[in-house]
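**Q**
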Amino acid sequence: MPSGTAPPAAGAQAEEGGMSPMIKSAVQGIAIFVGMQFLMKQITGNKGPATTTTTDASGAVMNVPGNTGEIPPYHARPDKLDEGAVWSPIPQRIAPMWPTDTPVDITIVVSPTFVAEPIAKIPKERIVLDETAFIFGDYNQHRSIDTSFDVPPEVQNNGTLWGHFYIGISGSKLDPFTPGYDPTRAFHFVHPLTQYIAQKKIRKTKNLLAAAEEDDEPEEEIPTGPVIKSHYHPNFTMSFIPDSGVMNFPSLHPAVRQYVHLEASGSRDGTGINGWYYPILFVNTFWQLKTHMTVLNSTVTRLPIHIDLQNFNNWKFTLMASMDEGAKQTARNAAQGQAPPGGGDGSEFEMIKEVLLDTNIYLLATTVIVSIFHMIFEMMAFKSDISHYRNKKNNVGISVRSILGNVFMQGVIFLYLMDNNENTSWMILFTQGMGIVLEFWKITTVVNVRIRDAPNSIIPYRIAFEDKHVLSETEEKTKEYDAVAFKYMYMIAVPLLIAYGGYSLKYESHKSWYSFVIATLVGSVYAYGFFDDGPFAIHQLSSQECRAHAR
Numbered sequence: 006m007p008s009g010t011a012p013p014a015a016g017a018q019a020e021e022g023g024m025s026p027m028i029k030s031a032v033q034g035i036a037i038f039v040g041m042q043f044l045m046k047q048i049t050g051n052k053g054p055a056t057t058t059t060t061d062a063s064g065a066v067m068n069v070p071g072n073t074g075e076i077p078p079y080h081a082r083p084d085k086l087d088e089g090a091v092w093s094p095i096p097q098r099i100a101p102m103w104p105t106d107t108p109v110d111i112t113i114v115v116s117p118t119f120v121a122e123p124i125a126k127i128p129k130e131r132i133v134l135d136e137t138a139f140i141f142g143d144y145n146q147h148r149s150i151d152t153s154f155d156v157p158p159e160v161q162n163n164g165t166l167w168g169h170f171y172i173g174i175s176g177s178k179l180d181p182f183t184p185g186y187d188p189t190r191a192f193h194f195v196h197p198l199t200q201y202i203a204q205k206k207i208r209k210t211k212n213l214l215a216a217a218e219e220d221d222e223p224e225e226e227i228p229t230g231p232v233i234k235s236h237y238h239p240n241f242t243m244s245f246i247p248d249s250g251v252m253n254f255p256s257l258h259p260a261v262r263q264y265v266h267l268e269a270s271g272s273r274d275g276t277g278i279n280g281w282y283y284p285i286l287f288v289n290t291f292w293q294l295k296t297h298m299t300v301l302n303s304t305v306t307r308l309p310i311h312i313d314l315q316n317f318n319n320w321k322f323t324l325m326a327s328m329d330e331g332a333k334q335t336a337r338n339a340a341q342g343q344a345p346p347g348g349g350d351g352s353e354f355e356m357i358k359e360v361l362l363d364t365n366i367y368l369l370a371t372t373v374i375v376s377i378f379h380m381i382f383e384m385m386a387f388k389s390d391i392s393h394y395r396n397k398k399n400n401v402g403i404s405v406r407s408i409l410g411n412v413f414m415q416g417v418i419f420l421y422l423m424d425n426n427e428n429t430s431w432m433i434l435f436t437q438g439m440g441i442v443l444e445f446w447k448i449t450t451v452v453n454v455r456i457r458d459a460p461n462s463i464i465p466y467r468i469a470f471e472d473k474h475v476l477s478e479t480e481e482k483t484k485e486y487d488a489v490a491f492k493y494m495y496m497i498a499v500p501l502l503i504a505y506g507g508y509s510l511k512y513e514s515h516k517s518w519y520s521f522v523i524a525t526l527v528g529s530v531y532a533y534g535f536f537d538d539g540p541f542a543i544h545q546l547s548s549q550e551c552r553a554h555a556r
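Every letter in the sequence shown is one number past the one before it in our numbering, and letter 186, counting from 1, is 191.
1. Quick one: grab the DSSP three-state call for threonine 49.
2. Indicate the three-state DSSP secondary structure (helix, strand or coil) for glutamine 315 in the structure shown.
3. By alpha-carbon positions, which one of Ser249, Gly164 and Pro188 ends up nearest to threonine 269?
4. What's the C-alpha gap between leucine 179 and phenylalanine 139?
5. Applying the criterion that 16 or more other CB atoms from any shown protein chain within 10 Å of the CB defines a buried residue, is lysine 52 buried or exposed?
6. For glycine 168, list the residues DSSP reports as bridge partners.
7. Where do the ends of the beta strand (DSSP E) carrying tyrosine 466 lie?
8. Excluding five sequence neighbours on each side, which residues of the same chain lie with their C-beta closer than 7 Å to the C-beta of threonine 49?
9. Short of 6 Å in beta carbon distance, which residues of its chain neighbour arginine 406, apart from the five on each side in sequence? Order them along the chain.
10. Compare the C-beta of glutamate 75 against all C-beta atoms of chain D and say whether one is closer than 8 Å.
11. Do you know whose CA, among Thr335, Pro239, His311 and Ile403, lies nearest histidine 297's CA?
12. Start and end of the beta strand (DSSP E) containing glycine 280?
13. When we look at the beta-carbon of glutamine 47 and count the other beta-carbons within 10 Å, is it buried (16 or more) or exposed?
14. Under a three-way DSSP split, which group does histidine 80 fall into?
15. Quick one: is histidine 474 buried, meaning 16 or more other Cβ sit within 10 Å of its Cβ, or exposed?
16. Excluding the 5 residues flanking leucine 86 on each side, which residues of the same chain have their C-beta closer than 8 Å to its C-beta?
17. Would the region 443 to 460 count as touching the region 363 to 378 if we require 3 or more Cβ pairs under 8 Å?
18. Could you spell out where the alpha helix (DSSP H) holding valine 417 opens and where it closes?
19. Can you name the start and end residues of the beta strand (DSSP E) that valine 91 belongs to?
20. DSSP state of asparagine 564, grouped into three classes?
21. Can you tell me where the beta strand (DSSP E) holding lysine 234 begins and where it ends?
22. Rounding to the nearest angstrom, what Cα-Cα distance links proline 158 and serine 303 in this structure?
23. With DSSP collapsed to three states, give me the class of valine 133.
24. Below 8 Å on the Cβ atoms is my contact criterion, and I expect valine 251 with threonine 105 to pass it. Report the Cβ-Cβ distance as a whole number of Å.
25. Rounded to whole angstroms, what is the Cα-Cα separation between methionine 380 and methionine 432?
26. Is the beta carbon of methionine 384 sitting closer than 8 Å to the one on aspartate 313?
27. To the nearest angstrom, how far is it from the Cα of phenylalanine 470 to the Cα of alanine 504?
28. My guess is that glycine 164 and serine 235 are in contact by the Cβ rule of under 8 Å, so how many angstroms apart are they, rounded?
29. Opposite asparagine 240 in the DSSP bridges: which residues?
30. In the DSSP assignment, find the unbroken alpha helix (DSSP H) run with histidine 297 in it and report its ends.
31. Going straight from the alpha carbon of tyrosine 531 to that of glycine 506, what length do you get?
32. Using only the alpha-carbon positions, how far apart do glutamate 355 and alanine 332 sit?
33. Bridge partners of isoleucine 150, per DSSP?
34. Determine the burial state of tyrosine 79: buried for a count of at least 16 other Cβ atoms within 10 Å of its Cβ, exposed for fewer.
35. Flag this pair as yes or no: are the beta carbons of glutamate 444 and isoleucine 418 separated by less than 8 Å?
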């Protein structure tokens, strides 16, 4: 009797920095999968009739699947293997056992254990679904139920809530413990209805002014590893997959293979290497968002459950199952400290699903189009910026202090990202670092950067910015306007920075004094960064000066 496998008992601010590697890989995966599915459809066909007829040993005519390829229908299987054939414990290719258009009965029971028990002994309240004559393969069939159940104590104590699925051809006995149970007409499997999710690390912060008073209090013990808790989502979509056809069992994606339940007796065709499988029932958790889940503990005594029962296309099932499992595996790896390539913790994919569910389709399309144009214009501006500084003939209209200000502000943002790097993508850090390098490069094109002695200073050396050549009168005017503009900017920005720092120190909590300084500076950058555009007037004044001299 097939059974499920128990799952392992296993924030920083979102920053903008380009498309996440998770998003890129998801888009690429979708494109590759759809293309491969189309190609395989053309090669393998699978266009035969869904149902055909055959004659059994007694001469009775019976309906059998028509999409078994070269594998004989299960009810027409040979009594023995071909001469010289060897029985394989793991089948290579598997074909569906039951034909489409078969009416099936399905019962779902919730339980704190994956061990099956007789249905007759199960309290009625734990039977959350009991449907009959559901047509396997009819895409117009749709059934919904809403109910609730008491949460078992084991589940309240971080245990798994299991779903026991009893499925059979209509009229068959579904309970394996009942006399007369026929495994060729019914099967049972278990699947977890809860998910183990690592809790995000909560940054311990404190009010620095009150830190002295709090030092006397005993510190709470901080767990050394990830805190993993059982989560429950009340909505489930249960989907039969009628068009799965013949599959290569060993090469199935693990996310797909968990839903494939092989025929119980281990029968094989004449070759000894091919077998059969029961109808696939996909427990679809793709659209279950973490923000909609309930953390299970002793305070949760009763839970609702909503089940949609339907039929689903095989290509959609394969795509959604593999993508969902990939995102969950990424999250599990991140919780164990195994950073995936490009950073991230799997939450990027969760954000995409949340946007797709909660955003108006027209607004979403507009956002995508605007974002694409934004990236194009950003690349064009980057190229133009590089070209300008490479080809410039003089320093007219160039503010060295503005460039240094950009280096400072981007450096502050980089340090802030490093201080809050729990969920910051390495791609974002790399992009920010490259921006700082670019600003440093701009400085070297405008002035010579030298290390000079500082005899009357505590620090023996200082960084000096020296002109590359003797400045013209116009360049001297540019330098003068630069100094004047920044003088007034400092007069406005410094008091605002001090006021913001005082407010943050008194009313907000921080990890440490270092975090306070970085957070205050980055807050000021975001709040007052527009002051850095003030020296833009230098370029306009210098241009007017040039025209005046030209006259």
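Positions of the beta carbon are idealized from the N, C-alpha and C atoms, including for glycine. On a predicted model such as this, the values are computed, not experimentally measured, just so you know.
**A** In brief:
1. Reliability fails at threonine 49, whose pLDDT of 42 lies under 50, so the model's placement of it is uncertain and the value that follows must be treated cautiously. It is helical.
2. Glutamine 315 sits in a strand when the DSSP states are folded into three classes.
3. Reading off the sequence, residue 269 comes out as alanine, not threonine. It is Pro188 whose Cα lies nearest to the Cα of alanine 269.
4. 14 Å
5. Confidence at lysine 52 is low in this model, with a pLDDT of 45, below 50, so its placement is unreliable and the value that follows should be read with caution. The residue is exposed, with fewer than 16 neighbouring Cβ atoms inside 10 Å.
6. Val115 and His196
7. 466 to 472
8. Only weak support is given to the placement of threonine 49: the predicted model assigns it a pLDDT of 42, under 50, and the question is left unresolved by the model.
9. Asp487 and Phe491
10. Among the chains in the structure shown there is no chain D, since it carries only a single protein chain.
11. Pro239
12. 279 to 282
13. Model confidence at glutamine 47 stands at a pLDDT of 46, short of 50, so the residue's coordinates are unreliable and nothing is read from them.
14. helix
15. exposed
16. Trp92, Arg273, Gly275, Thr276 and Gly277
17. no
18. 405 to 424
19. Counting along the chain, valine 91 falls outside any beta strand (DSSP E), and DSSP gives it neither H nor E.
20. Limits of the chain in this structure are 6 at one end and 556 at the other, which puts residue 564 out of reach.
21. 233 to 237
22. 8 Å
23. strand
24. Actually they do not touch by this definition, with Cβ atoms about 14 Å apart.
25. 16 Å
26. no
27. Approximately 31 Å between the Cα atoms of the pair.
28. 7 Å
29. His311
30. No alpha helix (DSSP H) contains histidine 297, which DSSP labels as neither H nor E.
31. Inter-residue distance for tyrosine 531 and glycine 506 is about 14 Å (C-alpha atoms, whole angstroms).
32. 8 Å
33. Ile312
34. buried
35. no
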